[in-house]
Amino acid sequence: MTDSPARTDTGANSGAISDFGIDTTSQSAGEAIRDYVARVRGGELGSLPALLGLGVLVLVFTMLSDNFLTLNNTANLIAQGAGKMIIAMGLVFVLLLGEIDLSAGTLSGVCASVMAMHYVRGGNLLGGMGSTVFYVFIIGMVLAAALALVMRIWAGAVLSLVAVLMAALGVPANAWLEMVLAVCVGAAIGCITGFMVAKVGVPSFVVTLALFITWQGVILQFIGEGGVFGIRNSQVLFNVANGNLSVLGSWILCVVAAGGYAAVVLGEHFTRLRKGLVTQPTLIALFKVLAVAAIAGLSTWALTVNRSPNPDLVTIQGVPYVVPIILGLLVIGTYVLNRTRYGRHIYAVGGNAEAARRAGIDVSKIRASVFVVSACAAAIGAIVYSSKAGSVDPQAGGLNTLLFAVGAAVIGGTSLFGGRGKVAHAVIGGLVLAAVENGLGLLRQPAAVVNIVTGLVLLLAATVDALSRRRAAVTTR
Amino acid sequence: MTEPLLELVGINKSFGPVHVLHDVDFTVRAGEVTALVGDNGAGKSTLVKCVAGIYPTESGEIRFRGEPVTIHSPKDAADLGIEVVYQDLALADNLDVVQNMFLGRERGSRWLMDESSMERAARETLASLAVRTVKSVRTPVAALSGGQRQTVAIAKAVLWESKVVLLDEPTAALGVAQTRQVLDLVRRLAENGLGVVLISHNMADVFEVADRISTLYLGRLVADLPAKETTHSQVVELITAGRSGDLGLARPEQVTL
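Each protein sequence line maps, in turn, to chains A and B.
Residue numbering for the first sequence follows the numbering used here, starting at 1022 and increasing by one per position.
Residue numbering for the second sequence follows the numbering used here, starting at 10 and increasing by one per position.
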């Protein structure tokens, strides 16, 4: 560890060094750890409480139930929580601005029902919806595209128009096309939400509360009272959340994920070190890489063991498909937030919207766009949970889907006050909630207990967020 | 006396029925600190915001290096090299020093920002201003003290090879040591050849660093005087009454409203 003095120290006026700190670029591992402890004490908890909570939950459930920490249940738990986790990943973008998207749950249900209807009706949405509803649907999508154009969110406009085209042309039933359709419908809905919040200026709480109820009605309209769209027969749609990679595929995923992480982290670390920029200690970078590689290797090994309850009859092995889906979205989301200008601007608007405006950032465009991102993620989440259930009913995306998604993001460490949060928080928080739901289910607790516990966990997380924020405010001034 | 860098001629601005700026003439010269003083509500901040492109002016001309220019947005002002450091600093607490300094003007492509180049430039700028108060340029702004934030805000303004820097009450919320530091920084900006406008209520600060003192009184620029030939009490009278002896507004009987 070289403590290379920074360039600023060589300037004139060196008498001031004693009064003020010295600009340093590197620190030793010990210093870094002390720094981290100081930050945690200062109220920057990040996902630490969630990780601790997850550890406690796993411990408790393992002691209470023999089935909790079995390979089969663990894989199942991941697939169960995946849909809501993905919705939560999109919600992180909205929460970063200090906004809320209460409609994400039922919005995902709309996407799921359109997707399932397309499959069940063999691509004939007109027949599935009835002509009036179909034309209203088309007009709605066109309107969304127009609003996106007004806001200059080109991706939103393109996706909305793709949805219009797919619906109007009546593309034949195809699982891949249906998934694309679901995401496009989601994007279109997000454009409408974003326009209402950012351009019209209605508080997001009110807009999305109204839309929450609206989309619930739309789902009911699409599916019909008591109706169900079964998608179990579509191999592709069903496999999204129920299929597994082959053993070879699992190991390839492991190598790509761990190797990619190592390449990015170490590559950046040594580039920065060479250029004399601020870096974390090499020891810590190496530790992170090795930890990730170890976790990836161990879990891949565990998941490639045959985990079937009747090993002689059926073989279930391999990493579930949802794992690469979640990892992929995690990488994309993290890259967008950390490396692109758009992500930087999201943090800036969430931290200080006025500062962002003065810096020339189009604040209302950013504000609108996060609802499009959230809606697209919700649509992907809808694909996953519909696949897990094997069918879409009028309750899709309703009940506590939204509570779980917001809860996952907040429990993971994303602040409800805006400005602080990562996509990874949604994954960690999602695991916590999935463990609660799954564990209590194994203990044969009724839904009442599951809901009460989940609600209290969310309340606890929000309290931790508020308290750590207050602590941060006290310690920095 | 050097050529004027930025000149405002006959600027008028109203908010509805309230006429905030009356035919204001104001000049900023390179290498000089021009203090803009006036009581609360005299129109100082409005004048700054007109120059910064936040408010449109109703009439009057803005000249930059003698050329008439139009400033419709903060971006226009930034393109000319006019930077404003606002009273509330306009820093995002959750971003670090480098991220704040480059906010809205990140280097690198849209899809991959050039962090190394930004970090290096930020350090060089801080070094050129002999700023050494910040422990690491990757410290989040939330962890900085008031003086350090002010320093970052000023460094942010200078980063852009700016020609004119307007500082709105930079020392208002600072302690003694921090004020000292910021005033040194203001002086250094002028020595580096920038045109500096300092808005302040603190006469001690104004007399310490300013070369010229311009006084606004109820939206009119009543006097533009060299600091060396002006006394403390003259400035206070100009601020409170709009005139001091022969300086400032004419006697009431001669004023046509």
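Even glycine gets a Cβ: it sits at the ideal position worked out from N, Cα and C.
Source: prediction; values computed, not measured.
As DSSP reads the structure, Leu234/B sits in a beta bridge with Ile222/B.
In the three-state reduction of the DSSP assignment, Phe24/B falls in the strand class. C-alpha of Ala1456/A to C-alpha of Leu1112/A: approximately 20 Å in a straight line. For Gln108/B, at least one C-beta of chain A is nearer than 8 Å to its own C-beta. Of Thr1303/A, Ser1436/A, Ala1426/A and Leu1477/A, the smallest CA-CA separation from Met1110/A is found for Ala1426/A.
Collapsing the DSSP output to three states places Met1217/A in a helix. Near chain B, meaning a CB-to-CB distance below 8 Å, the residues of the stretch 1365-1376 of chain A are Arg1365, His1366, Tyr1368, Ala1369, Gly1371, Gly1372, Asn1373, Glu1375 and Ala1376. Around the beta carbon of Ser1329/A, fewer than 16 other beta carbons sit within 10 angstroms, so the residue counts as exposed. In the DSSP assignment, Ser82/B falls outside any beta strand (DSSP E) and carries neither an H nor an E. Gln157/B and Ile1353/A have their alpha carbons spaced roughly 35 Å apart.
Using a CB distance cut-off of 8 Å, Ile1382/A counts as an interface residue toward chain B. In this structure, Leu1168/A sits near Ile1213/A, with a CB-CB distance shorter than 8 Å. At least one C-beta of chain A is nearer than 8 Å to the C-beta of Asp102/B. The DSSP-derived three-state label of Leu203/B is coil.
Distances from the CA of Val1448/A to each of Ala1050/A, Leu1350/A and Leu1269/A were compared; the closest alpha carbon is that of Leu1350/A. Contact of Gly1440/A with chain B by beta-carbon distance below 8 Å involves Ala101, Asp102 and Asn103. As summarised for the stretch 85-155 of chain B, the continuous alpha helix (DSSP H) elements at least 4 residues long and confined to that stretch are 106-110 and 124-137, given in chain order. Taking a contact to require three or more Cβ pairs closer than 8 Å, the stretch 241-255 of chain B and the stretch 67-85 of chain B do not qualify as touching. In the three-state scheme derived from DSSP, where H, G and I count as helix and E and B as strand, Ala1194/A is classed as coil. Straight-line spacing of the CA atoms in Asp123/B and Leu89/B works out to 24 Å. Note: Phe35/B is bridge-paired with Leu17/B in the DSSP secondary-structure output. At the C-beta level, Ala1231/A and Ser1407/A stay beyond 8 Å of one another. The continuous alpha helix (DSSP H) containing Ser1134/A extends over residues Ala1125 to Val1141. The DSSP-derived three-state label of Pro77/B is strand. In this structure, Gly1450/A is the residue among Ala1493/A, Thr1484/A, Arg1465/A and Gly1450/A with its C-alpha nearest to the C-alpha of Ala1103/A.
The beta-carbon distance between Ala1283/A and Val1310/A, rounded to whole angstroms, is 4 Å. This is short enough to meet the 8 Å contact definition. Apart from the 5 residues on each side of it in sequence, Gly1339/A sits with its Cβ closer than 8 Å to the Cβ of Asn1265, Leu1266, Ser1267, Val1268, Gly1270, Ser1271, Leu1324 and Thr1325 in its chain, given in chain order. Taking a C-beta distance under 8 Å as the contact criterion, Tyr1140/A and Leu1258/A qualify as a contact pair. By the C-beta density criterion, Pro235/B is exposed, having fewer than 16 other C-beta atoms within 10 angstroms.
In the three-state scheme derived from DSSP, where H, G and I count as helix and E and B as strand, Gly52/B is classed as coil. Linking Arg196/B to Val1313/A through their CA atoms gives a straight-line distance of about 51 Å. Val161/B counts as buried, since at least 16 other C-beta atoms from the protein chains shown sit within 10 angstroms of its C-beta.
In this chain, the alpha helix (DSSP H) harbouring Val1061/A covers Ala1050 to Arg1062.
In the structure shown, the three-state DSSP call for Ser1412/A is strand. Going by DSSP, Ala181/B is part of no alpha helix (DSSP H) at all; its letter is neither H nor E. About 18 Å separates the beta carbon of Ala1203/A from that of Ala1100/A, a gap too long to meet the 8 Å contact definition.
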